[in-house]
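Step one of this worksheet: look at the structure below.
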Amino acid sequence: MNDQTLTPEERAASLKGMGSSRKRVEDVRFTQGKGNYVDDIKLDGMLFGDFVRSPYAHARVKSVNKEAALALPGVIAVLTAEDLSPLGLHWMPTLAGDKQMVLADGKVLFQGQEVAYVVAEDRYIAADAVELVEVDYEELPVLTDPFEALKSDVVLREDLEGQTEGAHGPRKHHNHIFTWEQGDKEATEAILAEADVVAEEMVYYHRTHPCPLETCGCVASMDKVTGKLTLYGTFQAPHAIRTVVSLISGIAEHNIRVISPDIGGGFGNKVGAYAGYVCSVVASIVTGQPVKWVEDRMENLMSTAFARDYWMQGKIAATKDGKITGLWCHTTADHGGFDACADPTKFPAGFMNICTGSYDIPTAYLAVDGVYTNKAPGGVAYRCSFRVTEAAYFIERMIEVLAIKLNMDAAELRRINFIKADQFPYQSALGWEYDSGDYHTAWDKALKAVDYEGLRAEQSQRIEDFKAGKTRKLLGIGLTHFTEIVGAGPVKNCDILGLGMFDSCEIRIHPTGSAIARLGTISQGQGHATTFAQIIASEIGLPADDITLEEGDTDTAPYGLGTYGSRSTPVAGAATAMAARKIRAKAQMIAAYLLEVHDNDVEWDVDRFAVKGAPERFKTMKEIAFAAYNQAIPGLEPGLEAVSYYDPPNMTYPFGAYICVMEIDVDTGEWDVRQFYALDDCGTRINPMIIEGQVHGGVTEALAIAMGQEIAYDEMGNVKTATLMDFFIPTAWETPNYTTDHTVTPSPHHPIGAKGVGESPNVGGVPAFSNAVHDAFRPFGLVQSHMPHDHWRIWKIANGLGMHG
Amino acid sequence: MELSDEIRISAPRDVVYRALNDPDILRECIPGCEELIQNSPEDLEAKVVLKIGPVKARFAGEVTLDTSNAPDGFSLSGEGKGGAAGFAKGGAEVTLTEDGAETLLAYTANVSIGGKIAQLGSRLIAGTAKKLSGKFFTRFGEIVSEQSAS
Chain A
1 MNDQTLTPEE RAASLKGMGS SRKRVEDVRF TQGKGNYVDD IKLDGMLFGD
51 FVRSPYAHAR VKSVNKEAAL ALPGVIAVLT AEDLSPLGLH WMPTLAGDKQ
101 MVLADGKVLF QGQEVAYVVA EDRYIAADAV ELVEVDYEEL PVLTDPFEAL
151 KSDVVLREDL EGQTEGAHGP RKHHNHIFTW EQGDKEATEA ILAEADVVAE
201 EMVYYHRTHP CPLETCGCVA SMDKVTGKLT LYGTFQAPHA IRTVVSLISG
251 IAEHNIRVIS PDIGGGFGNK VGAYAGYVCS VVASIVTGQP VKWVEDRMEN
301 LMSTAFARDY WMQGKIAATK DGKITGLWCH TTADHGGFDA CADPTKFPAG
351 FMNICTGSYD IPTAYLAVDG VYTNKAPGGV AYRCSFRVTE AAYFIERMIE
401 VLAIKLNMDA AELRRINFIK ADQFPYQSAL GWEYDSGDYH TAWDKALKAV
451 DYEGLRAEQS QRIEDFKAGK TRKLLGIGLT HFTEIVGAGP VKNCDILGLG
501 MFDSCEIRIH PTGSAIARLG TISQGQGHAT TFAQIIASEI GLPADDITLE
551 EGDTDTAPYG LGTYGSRSTP VAGAATAMAA RKIRAKAQMI AAYLLEVHDN
601 DVEWDVDRFA VKGAPERFKT MKEIAFAAYN QAIPGLEPGL EAVSYYDPPN
651 MTYPFGAYIC VMEIDVDTGE WDVRQFYALD DCGTRINPMI IEGQVHGGVT
701 EALAIAMGQE IAYDEMGNVK TATLMDFFIP TAWETPNYTT DHTVTPSPHH
751 PIGAKGVGES PNVGGVPAFS NAVHDAFRPF GLVQSHMPHD HWRIWKIANG
801 LGMHG
Chain B
1001 MELSDEIRIS APRDVVYRAL NDPDILRECI PGCEELIQNS PEDLEAKVVL
1051 KIGPVKARFA GEVTLDTSNA PDGFSLSGEG KGGAAGFAKG GAEVTLTEDG
1101 AETLLAYTAN VSIGGKIAQL GSRLIAGTAK KLSGKFFTRF GEIVSEQSAS
């Protein structure tokens, strides 16, 4: 059988293009232990850096004595702020418009803050030398509570003293960073004043950490002969890092090559710029030798970017039959010692203003106050678009709280308030234009799939049995309908440090009909090499298996803003399709020439151009590629390649319906997830298997966050959860079985209709788990209880409700 | 964190009290003590190597005694710094009660810790503190009883 006898469907299937559950090409090396991570990089003469870190959360650094450390054989240097200040590198700009100490400049503001950087011939000598550096600290009062910080006389940021204006407007107090307001305050307050029903609650989304399996690290290598700096690192945004390094160091950008090799998970933790990068670059420039720095697990959890820590005070107004009329939210955001949030510049609280969720809420108001405390800086989007998981948790809790107030079924309350399919594109009260959605269809499908009515009947019986003393286990049904906002984003309103958030793809077709594509993004486990090849395969008819995909080397890849906030498919995926279409347009001209017809007389057919009305006369893409390089075609340049820089016209708005059924032991606080159903609508589905994998991973991280994971501080500012003994990472033991499902509502503005999915399961999963816990205790009077819902805290809920007799 | 215990020592109260203020005896009894210098009757300086869970470090500390209540007891407060390993600070109330030829020593101590020992060792710290104080008083009891007997 040759390809002339294959049906178009068979030919399409052989390409393994969009819609195919093509196996991940990355796994060939990963499953054989042949990945190449930063710590695998070994260069001749490589030195090792390690940090002296502050044991205090707030202290003055009176002196640093390096003598004993320098006397240790094998120690090359010990850097302090004093050494970096002549270069102007003892402070660095943050992504949020603030600045951050690279090494302690007179004081420390959080436990684990970098005080000195030791450079030694090997990793062990560096660690020994760290212990020999004597630092004299004078303790200062510690502020770990943002509400206290806003009242306290203690000034955390003495460097900002007297500055009443910050990067995002006026500062109200010396520990205040910014106020960000969206929506209509007056109108919302008027609605609250006149509403039939107002439910009010404080919803806290606790501080946690992305905790990728591989921690942050880099290898800086300055070649003194060529003047070129090569920086390998765990960077989620290698091109942006190159620009930032150039701006900070003064090294011309063409003399900097940033390489992100394989990355063992990022989840937002690897977006920012850290002291380790700056110190390693300086150390390599000074010594002329490569310098490696890789943080250990404790350093990762206590010093590189955390996530969440939002105190969200909410008021939701409704008519007595449950139609929501207004939403009010005031958030107190604990940013730690420096404002190093990774958000687009104009959005100091990220896309928190998506907090009207999936609901048609006519009037809303949001204010966010950023606050300095003695905690680590960060505030990254841990497997969510910028602050979207906070927004989704907030609205999904407020809906439940309102349902309690109205004595209504929470599924029905959602249903009567959803934005209807015919309202899209939908303009939200807080300023977003939702591109597409069909929430009622997804919701009904989800409720039916889990037999919602049956579950409620079972729950009623369980409550009776519990009251009759026949069982000590409760049943909770956790509902969530979330709407994400991803794919940042349109250059007109999205930039980071002035860099527009477009993305890019360059495709080169080789003469024999295979190809290489390079993108401005970087996979950290998402499977870009698999899925982006599928987009190209469908667009230009070459088999995905014949397309190599490369990312992460700034010397070869086109400029892009990187991978986070589920932006790769919405932005770089669109660029990929657009670049492929440019190639197809040229291929059409070549085919027409070869077939001796006019350009308009050929049509695209899966993997070829055929003469209209004469499908037996065609040129395959493979034939066209060969001709592009080997035949002189009048009016056309040789070669077949294209590049696209894609500036998205809008964000994309994936959504989903998640339902968690949980058994809870009232006496031990133990929970058991009996069923977890996840319906995702991410628009066009590129690789269903990868989507399913993304959902499994994301829901598992959501389980961790909702049910135990946290970065907790004691009153002295000690990080109490700095090891994996205390920081909850689910294993196969805790991880339940998941059922995945989908609907498909393509994005109308994306070239292939795809919306992005990597973060949806975290955004939807956290409220689903948390709502299940709340729902179990709802009949006994629980309205709101803060996450994480570990066994101890659940036991305390039961105890507080008088359920222990 | 609060620690308290009661130990019976086979020696009269004044002997016990003197021993508790004798740097030589203390040096011998404090587990891991490398150095103990008495700068004045109220001020002591010590270097102690401690191992708490996975953290082993040399702590340099200063202790201030309040002996105004002698010989019924005394109180002390102090702070120890262990560099990269962290720090500890706190105080203790010690009371000595005569019971025939023996002495009942009771103490309550309040200790707070910071840095790596707080992060890594928090779940071990109570057990370690109990073990260390146990070691101290066993040895202390032995020495004082021997002295009192001889």
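Quick note, the sequences are listed as chains A and B, same order.
The opening residue of the first sequence carries number 1 in my numbering; numbering runs sequentially from there.
The opening residue of the second sequence carries number 1001 in my numbering; numbering runs sequentially from there.
Beta carbons: idealized from backbone N, C-alpha and C, even for Gly.
Values in this document were obtained by computation on a predicted structure and should not be read as measured data.
- Under the DSSP assignment, A/F267 falls outside any beta strand (DSSP E); it carries neither an H nor an E label.
- Between A/Y56 and chain B, the shortest Cβ-Cβ separation is below 8 Å.
- Membership of A/R518 in the beta strand (DSSP E) is indicated by the continuous run A515 to L519.
- Looking at the backbone, the Cα of B/F1059 and that of A/Q236 are separated by about 41 Å.
- Contact of B/K1135 with chain A is not assigned, every C-beta pair being separated by 8 Å or more.
- Under DSSP, A/M222 shares a beta bridge with A/L229.
- At least 8 Å separates the CB of A/N300 from every CB of chain B.
- With respect to the C-alpha of B/L1076, the residue from B/F1087, B/V1111, B/P1012 and B/E1102 having the closest C-alpha is B/V1111.
- Looking only at A/A129, A/A410, A/A712 and A/R518, the smallest Cα-Cα distance to A/N771 is reached by A/A410.
- Leaving aside the five residues that flank A/D681 on each side, the residues in its chain whose CB is nearer than 7 Å to its CB run, in chain order, A442, P654, F655, G656, H742, T743, V744 and T745.
- About 19 Å separates the beta carbon of A/G437 from that of A/A449, a gap too long to meet the 8 Å contact definition.
- At a cut-off of 8 Å between C-beta atoms, A/A120 does not count as an interface residue with respect to chain B.
- A/C660 is bridged by DSSP to A/G478 and A/F676.
- Using a Cβ-Cβ distance cut-off of 8 Å, the region 100–107 of chain A and the region 66–86 of chain A are in contact, since at least three pairs of beta carbons, one from each stretch, lie closer than that value.
- Annotation for A/L47: no alpha helix (DSSP H) segment contains it, though the beta strand (DSSP E) segment containing it runs L47 to R53.
- The DSSP-derived three-state label of A/Y646 is strand.
- A/A585 is classed as exposed because its beta carbon has fewer than 16 other beta carbons within 10 Å across all chains shown.
- Counting only residues of its own chain and dropping the five nearest sequence neighbours on each side, A/G337 has a CB closer than 6 Å to the CB of L109, F110 and P377.
- Proximity of B/F1087 to chain A, defined by a Cβ-Cβ separation below 8 Å, is satisfied.
- Every unbroken stretch of the alpha helix (DSSP H) spanning 4 or more residues and falling wholly within the region 678–726 of chain A is given here in chain order: 688–707.
- For A/E134, same chain residues with a beta-carbon under 6 Å away, outside a window of 5 residues either side, are N65 in chain order.
- The three-state secondary structure of A/W792, taken from DSSP, is helix.
- DSSP places A/G326 in the uninterrupted beta strand (DSSP E) bounded by I324 to G336.
- Put simply, the CB of A/A77 is far from chain B, with every gap to its CB atoms at 8 Å or more.
- When Cβ-Cβ separations below 8 Å define contact, B/K1116 makes contact with chain A.
- Contact between the region 702–716 of chain A and the region 760–769 of chain A is established, with three or more Cβ pairs separated by less than 8 Å.
- In this structure, A/G500 and A/R567 do not form a Cβ contact; the two beta carbons are roughly 13 Å apart against a cut-off of 8 Å.
- DSSP, reduced to helix, strand and coil, places A/L430 outside both helices and strands of the structure shown, so it counts as coil.
- According to the DSSP assignment, A/W733 belongs to no alpha helix (DSSP H), since it is labelled neither H nor E.
- Within 10 angstroms of the beta-carbon of A/M716 lie 16 or more other beta-carbons, which makes it buried.
- Annotation: A/V38 to A/G264 spans about 9 Å, alpha carbon to alpha carbon.
- Among the residues facing chain A, B/S1112 is included, as its CB has a counterpart in that chain under 8 Å away.
- Only those residues of the region 1025–1036 of chain B whose C-beta falls short of 7 Å from the nearest C-beta of chain A would be listed, and there are none.
- Any Cβ of chain B closer than 8 Å to the Cβ of A/A722 would place that residue at the interface, and such an atom is present.
- Taking the Cα of A/Q289 as reference, the smallest distance to any Cα among A/K320, A/P238, A/E484 and A/G227 is reached at A/G227.
- For A/N65, there is no enclosing alpha helix (DSSP H); the residue is found in the beta strand (DSSP E) stretching over A59 to N65.
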